[in-house]
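Chemist: The structure under discussion is supplied below as structure tokens; questions concerning it will follow.
Numbering (this note's numbering), first residue to last: 91 to 349.
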């Protein structure tokens, strides 16, 4: 009878039951961590086998190393395949470095610690207040600074980038300055110049009882290179390394400079 007939379905349109959802925090969570682990295996140095730091390729081959691991090989040969490695062929892999930083952030999210807010949300299947799980120190200071509508990290500070920058790209550093409320100087500041003396701003995030509170102009050089400029620390003009600059951003504070 017509009423007992099963509906005919065209091939390719068959109805399938919805796949069973894995318990949050178990199967799905373990799968994500396993995928991250497989990716990190591809991001290891060919020499020290650790996760790459400042990844470089030697040009003549496809092996990738941490910059510190092959500093003694430049001008000789690749330590794995012995292909000649000339200094003009050495290249820093910026895209790979960005991927490594992204993996580091994912690792922090997936790691089974008390700070894993994502895991807490998945397990409870509801929104959790991020303040309970946020990374302390710099990220927390940055959030509180924004919520209280206080000046940005480099408010009142001016930066001049001198020399060449290979490990810390200059354009990336400039973006960090502008995003943090600082300003870029096109000319190297001189402590005794009239222009320097007319800048009357103060560094809001420096310790109020320190000389750095009145330092508003920084000459930044890359300390990871062999270039060592003449030291400047006079009045409103101080010299600082690019590593110091990065540390300030990471910790969201103007870290005191060594005397």
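Idealized CB from N, CA, C, for every residue including glycine.
Please identify the residue among 183, 195 and 301 whose C-alpha is closest to the C-alpha of residue 259.
Modeler: Residue 259 has its Cα closest to that of 183, out of 183, 195 and 301.
Chemist: By DSSP, does residue 115 sit in helix, in strand, or in coil?
Modeler: Summary for residue 115: the model assigns pLDDT 45, below 50, so the residue's position carries little reliability, and this model does not support an answer.
Chemist: Assuming contact is defined by CB atoms lying nearer than 8 Å, are residue 133 and residue 189 in contact in what I supplied?
Modeler: In contact: residue 133 and residue 189 (Cβ atoms closer than 8 Å).
Chemist: Should the segment 149 to 168 be regarded as contacting the segment 227 to 240, the criterion being three or more beta carbon pairs within less than 8 Å?
Modeler: With a cut-off of 8 Å, the segment 227 to 240 and the segment 149 to 168 do not count as touching, because too few Cβ pairs lie within range.
Chemist: Using only alpha-carbon positions, find the residue among 297, 339, 313 and 166 that is nearest to residue 265.
Modeler: Out of 297, 339, 313 and 166, 339 has the C-alpha closest to the C-alpha of residue 265.
Chemist: In the DSSP assignment, what are the bridge partners of residue 330?
Modeler: Per DSSP, 310.
Chemist: How would you write the range of the beta strand (DSSP E) that residue 145 sits in, first residue to last?
Modeler: It spans 145 to 147 - the beta strand (DSSP E) in which residue 145 sits, taken as one unbroken run.
Chemist: Round the Cβ separation of residue 309 and residue 292 to the nearest angstrom and send it over; I've been treating them as touching at under 8 Å.
Modeler: The Cβ separation is near 18 Å, so there is no contact.
Chemist: Within a Cβ cutoff of 7 Å, which residues of the same chain sit near residue 246, ignoring the five residues on either side of it in sequence?
Modeler: Contacts found: 291, 292, 293, 294 and 306.
Chemist: Which of helix, strand or coil does DSSP assign to residue 351?
Modeler: Outside the shown range of the chain, which is 91 to 349, sits residue 351, and nothing can be said about it.
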